[in-house]
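Numbering (my numbering), first residue to last: 1 to 734.
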Ligand code: BGC
């Protein structure tokens, strides 16, 4: 986020004119308050949805017809800096009040969670990351930025770039998986896509990278739980995505709910000031997560709300989401000298910088044509096409015995499982503004393509199995395609699970289907890696479909029917069974690496290794790797590997480069992803893929947060996943 000198001067001149109350207004993020339209208190309504007394749909209907207070008077008085919402008409009304009726005419930032698309929902991040396609990451983010602007949103609470290694955590769905390097490239591309096209104000928004930081390491995968880690782990893994996002110019960050080594990230001067602002030089601002400041009292780190507010502001938390603590207590704190004016000014300046950079002072309104583009219409064709491309590239073929897939033309397909017929469960967590009309179910995708298909619900993630339907399905088709997995609501925030096998009676359903003797293809819809040991042993073909967004049905149908060759890889390792999370390929070397012998790092009753490791994914063709060479140059290693398409179809492969620092002053990971490249090869073709690994990239952060390059032996690996690699060794003196 670069401002011109003129823009910086304008920010300073506005700051100089502001009263204390107006400054405090800027650090206050408001949401429209729900004030009526139903008979019970709002909190009770949330409870009713949580405990199932009303469905999510009913809750949505109530919300849509509820009456809201948009805090117009506060906006007029300069007491609001930012507002949540996705309604462009309302956004225009509120901006008009802010610009024309407040004393200094400072526009509002309009914030919203646009995590994987707005109207055009594309795959959840854990899926999209598996495309290993930086250009795609950028284009989908750019689409989200354009749609956001058309909805009056200027500030996206994205990208979510938490490295996450415990699949019990429901929020693994929202982020780019377990690897910091893939995550960092994902983060960079997302920031570029959201922010960099400043050719017109309708094309870019301020990104808000989140959740800063280490939220993905919550103990035992339980949401909001504590995180404890060494400084070295923090800097080498969990900070990497954020560092990359700042280097790419991220305009804002959201502090995470968790405490890190005992200090909540909301009030953590080390992460907020020392690392993010002073260290990385971030010139944007930091917002709390919802209610985050108040929760510091519950954490037991602040005596009361006021104390929490003072700690947060002094630590470098610039904006309060949802508690009104800054609004209610900052004046007193500044007047009494517990928060200095310089600290408050710094926060306000950062927020004004973002508004200035977005061009909101000139024209903050959504043009009527943009509003009309989405009102009551299908999403633009180009956006829908991009959602399809993203979905196609994110599908991962996990198993394909006897080349059961693609299905032969004219195969009679018994399509089983209620998820197969759902247009709503394909969307995934954290998507709020989509419309069912834009969504294609798997059933529709197959029918549209003229497949010989008949649908049998039989059962789903919830509820009982239907015996008769199971029998009919087995009788009718030549093959059974069972679409099983998780509902949208089973992943995302506050959706941690201890059991990550197929939910409900779905494994039982699979058993019954397999027992009929018909070949079964399992298509998964899910928001987290599942424990699939039993399925892998018993089902001949498994396709990982995740929650792929509005065009999921088309993408899955194309792959099942062979119109598209699967090319996605896993951005997170899959376990065979429950109980072995956290699970990630790049774990530190133990002194007793797991093996068959007893006194090694293993379980008596479960495999210790991933069933499907990071980077894994099959194709309808096969690739072979050979001739790995590593040459040392002055500042880099030149690495090459030959990749051949040994099958009968053209296919796309993600060639992955890993490294191990064999001997170092700290225990290092057994393997770390350093680079990747996608190549498309015709049947029988081969290519030598070259990588340049800068020597500067071969170091690590020690526990003093210093980046060190240490001489010694390094192993270089290349392959199509993190497990099956060629390897070479080289000694380096830096
Ligand atoms: C989530 C954030 C989100 C915020 C605002 C919080 O509960 O943790 O990811 O951006 O709500 O909706």
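Just so you know, even glycine gets a beta-carbon here, dropped at the ideal spot from N, CA and C.
- About 27 Å separates the beta carbon of residue 520 from that of residue 550, a gap too long to meet the 8 Å contact definition.
- Using a C-beta cut-off of 8 Å, the region 553-571 makes contact with the region 428-447, since at least three inter-stretch Cβ pairs fall below that distance.
- Proximity of the beta carbon of residue 318 to the ligand BGC is not indicated: no heavy atom of the ligand is located closer than 6 Å.
- Residue 70 and residue 223 have their alpha carbons spaced roughly 30 Å apart.
- By the CB criterion at 7 Å, residue 583 and residue 391 fall outside the cutoff.
- Listed in chain order, the beta strand (DSSP E) elements of length 3 or more contained wholly in the region 560-599 amount to none.
- Using a Cβ-Cβ distance cut-off of 8 Å, the region 341-350 and the region 370-377 are not in contact, since fewer than three pairs of beta carbons, one from each stretch, lie closer than that value.
- Exposure of residue 731 is indicated by the presence of fewer than 16 other C-beta atoms within 10 angstroms of its C-beta.
- Short of 7 Å from the beta carbon of residue 663, and not among the five residues preceding or following it, lie these beta carbons of its own chain, in chain order: 712 and 713.
- When rounded, the separation of the alpha-carbon atoms in residue 360 and residue 146 is 15 Å.
- With a beta-carbon spacing of about 7 Å, residue 183 and residue 177 fall inside the 8 Å limit used to define contacts.
- Contact between the region 389-403 and the region 125-142 is established, with three or more Cβ pairs separated by less than 8 Å.
- With a cut-off of 8 Å on Cβ pairs, the region 224-234 is not in contact with the region 592-600, counting fewer than three such pairs.
- Per DSSP, the continuous alpha helix (DSSP H) segment holding residue 355 begins and ends at 341-357.
- Shown here, residue 625 sits in a strand according to DSSP, grouped into three states.
- Assignment of residue 242 by DSSP, reduced to helix, strand and coil, places it in the helix class.
- Here residue 345 has 15 and 23 as same chain residues with Cβ atoms under 8 Å from its own Cβ, once five neighbours each way along the sequence are excluded.
- For residue 555, the three-state secondary structure derived from DSSP is helix.
- In the three-state reduction of the DSSP assignment, residue 482 falls in the strand class.
- Chain order is used for the residues whose beta-carbon lies nearer than 5 Å to a heavy atom of the ligand BGC, namely 113, 157, 289 and 290.
- By the 16-neighbour rule on beta-carbons within 10 angstroms, residue 721 is buried.
- Spatial neighbours of residue 186 in its own chain (CB-CB distance under 6 Å, excluding positions within 5 residues in sequence) are listed in chain order as 129, 137 and 176.
- At least 7 Å separates the beta-carbon of residue 399 from that of residue 580.
- For residue 400, the enclosing beta strand (DSSP E) covers residues 396-400.
- Taking 3 residues as the minimum length, the beta strand (DSSP E) runs contained wholly in the region 497-559 are 519-525 and 541-544, in order along the chain.
- Around the beta carbon of residue 111, 16 or more other beta carbons lie within 10 angstroms, which makes this residue buried.
- Assigned with DSSP and collapsed to three states, residue 716 falls in strand.
- Taken atom to atom, the span from the alpha-carbon of residue 702 to that of residue 710 is near 11 Å.
- In the structure shown, residue 618 falls within a strand segment according to DSSP collapsed to helix, strand and coil.
- The distance from the Cβ of residue 503 to that of residue 461 is about 5 Å, consistent with a contact at the 8 Å cut-off.
- The three-state secondary structure of residue 455, taken from DSSP, is strand.
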